[in-house]
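Chemist: Please read through the structure below; I'll follow up with questions.
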Amino acid sequence: MAASLCGERFDEDRPPAVTTANELVAAEVRMQGKACGNLGSPLYRQLMEAAATDAEAGGIIADILAPLAFEPTGSAITLRLFGAMHRLALAGRAPDLARAYPSCGGDPAGVTPRDLWEAFESTCRTMQSEITGRLNQAPQTNEVGRSAALRGALDIVAAAAPLPIRLVEIGASAGLNLLVDHFALRWPGGSRGPLTSPVRLDDAWTGNTPPEGDLLIVDRLGCDINPLDATAPDDALSLQSFVWPDQTTRLERLRGALDIASTTTISVRPESADSFLAAIEPSPGVLTVISHSVMWQYLPDDVRAAASDQLGRLAAAATPDAPIAHIGLEPPRTSDDSDVDYRAARRHGGFVITAGCAPHFSDRVVGYCPPHGPPAHWL
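Under UniProt numbering, the final residue of the sequence shown carries the number 379; numbering is consecutive throughout.
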């Protein structure tokens, strides 16, 4: 099955053959629940299994999601629904559900599975119109934990070209990973970044530690088809709602990054990756770094091809005085580049970290990292 948005699948399994919309919904919800459980959310695994059973019986989950049953799997309809529900709980509008959500101060151990499902199902019924209206919002978590990979890759390219850095991110969401130098990374025997940062990535690295140098980021800009404003309360709530409610470490990182963003200038333009890159040129005296994480698979084929062409153009135009670096954290691709290769991801224990710095060295694999971040393992 294709990965859900935000890299929140880590498998390639497919649901059994199904024929009706309700069966499709049940299969999708059940598969997403399995993936959430495998990625450390037993709460969502439990709730999604109950939701799948409800969909099979033609219940409220079928009523809400059946109109979207034939959407591509990458549309992540289950995460859209559960994000809308989490948003209500975070906003104090679903108190019975919030009692089981650690993100809202609740404790799932204090709520029986039956009571939890009844709270979820009741909220779906009473808030159905509002929930349905939010299903057009694709999940975005702007996963700050991925900076464990991006910071190391940035250090690698900066060592090859020790110049002031223009950091450029495609698929940037709210641009929080453009703040990578503001985050504290710690691991046994080492650290990077300001240790007083509200964003702490503990046990961030294993393996061969990337070289350390002084990062001077002089410009931060990004693009996204649907950018969010980290300083806008509604967008900040949306980002938090798509973090799974029993994964409080992820939520703490996000909230810390939102605090940093409130005092740091970030520019994220509403633009596709290919057209955005077409406007980028090498800049004398500056290392231009093109960055992205878990977004490449969601680009339409023509946009992905055009963005690749633009990256090639920039690398060819790079000079020692105006270098171009390319860093990324993405799922491995099949040999024909037609799809994500989740079997390879499982073999490596994570997605692929790549780094290249033209004209000094070409893109290469430098490590692996899980979809949500730490630990990044360096080769």
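The beta-carbon is built from N, C-alpha and C at its ideal position, and this holds for glycine as well.
These figures come from a predicted structure and were not determined experimentally.
Between the stretch 239-255 and the stretch 78-88, are three or more C-beta pairs nearer than 8 angstroms?
Modeler: Output reads yes: the stretch 78-88 touches the stretch 239-255.
Chemist: Can at least three beta-carbon pairs, one atom from the stretch 117-136 and one from the stretch 150-168, be found at a separation below 8 angstroms?
Modeler: Taking 8 angstroms as the limit for Cβ pairs, the verdict is that the stretch 150-168 does not touch the stretch 117-136.
Chemist: Can you tell which of A174, G256, W296 and E252 has its C-alpha closest to the C-alpha of residue 400?
Modeler: Nothing can be reported for residue 400, as the shown portion of the chain is limited to 1 through 379.
Chemist: Suppose the cutoff is 8 angstroms on Cβ atoms and the five residues either side in sequence are ignored; what does the same chain contact list for C36 look like?
Modeler: Excluding sequence neighbours, C36 sits near E8, Y44, R45, M48 and W244.
Chemist: Can you find the residues in the same chain that come closer than 6 angstroms, C-beta to C-beta, to D96, ignoring five residues on each side of it along the sequence?
Modeler: Contacts found: A119.
Chemist: Go ahead and label V365 buried or exposed: buried means 16 or more other beta carbons lie within 10 angstroms of its beta carbon, across all protein chains shown.
Modeler: Exposed, since its Cβ has fewer than 16 Cβ neighbours within 10 Å.
Chemist: Under 8 angstroms Cβ to Cβ from H377, same chain only, skipping five residues before and after it: list those, please.
Modeler: Taken in chain order, the residues that qualify are W205, T206, G207, G349, G350, G367, Y368 and C369.
Chemist: Taking the CB atoms as reference points, tell me whether G171 and H292 lie closer together than 7 angstroms.
Modeler: Against a cut-off of 7 angstroms, the Cβ pair of H292 and G171 comes out as a contact.
Chemist: Among the candidates P323, P375, V294 and A316, whose CA atom is the shortest distance from the CA of Y342?
Modeler: Ranking the options by Cα distance to Y342, first place goes to V294.
Chemist: Can you give the Cα-Cα distance for A322 and P282, rounded to whole angstroms?
Modeler: Each residue's alpha carbon lies about 5 angstroms from the other.
Chemist: Between L81, D234, L135 and Q247, which lies nearest to G105 when the distance is taken from Cα to Cα?
Modeler: Taking only the C-alpha atoms, the option nearest G105 is Q247.
Chemist: Roughly how many angstroms lie between the CA atoms of A91 and A57, to the nearest whole one?
Modeler: Taking the straight line joining both Cα atoms gives about 30 angstroms.
Chemist: Can you tell me whether R166 is buried or exposed? The criterion is at least 16 other CB atoms within 10 Å of its CB, across all chains shown.
Modeler: Buried: at least 16 other Cβ atoms inside 10 Å.
Chemist: Could you have a look at R93 and say whether DSSP puts it in helix, strand or coil?
Modeler: Looking at R93 - three-state DSSP - the assignment turns out to be coil, as it is neither helix nor strand.
Chemist: Which whole-angstrom value is the C-beta distance of A51 and N22, which I expect to be below 8 angstroms?
Modeler: In fact, because the Cβ distance is near 12 angstroms, the residues do not count as touching under 8 angstroms.
Chemist: Looking at C-alpha atoms only, which residue of P210, C357, T265 and L228 is the closest neighbour of V218?
Modeler: When each option's Cα is compared against that of V218, the closest is T265.
Chemist: What do you get for T141, buried or exposed, if any count of 16 or more other CB atoms within 10 angstroms of its CB means buried?
Modeler: Flag for T141 reads buried.
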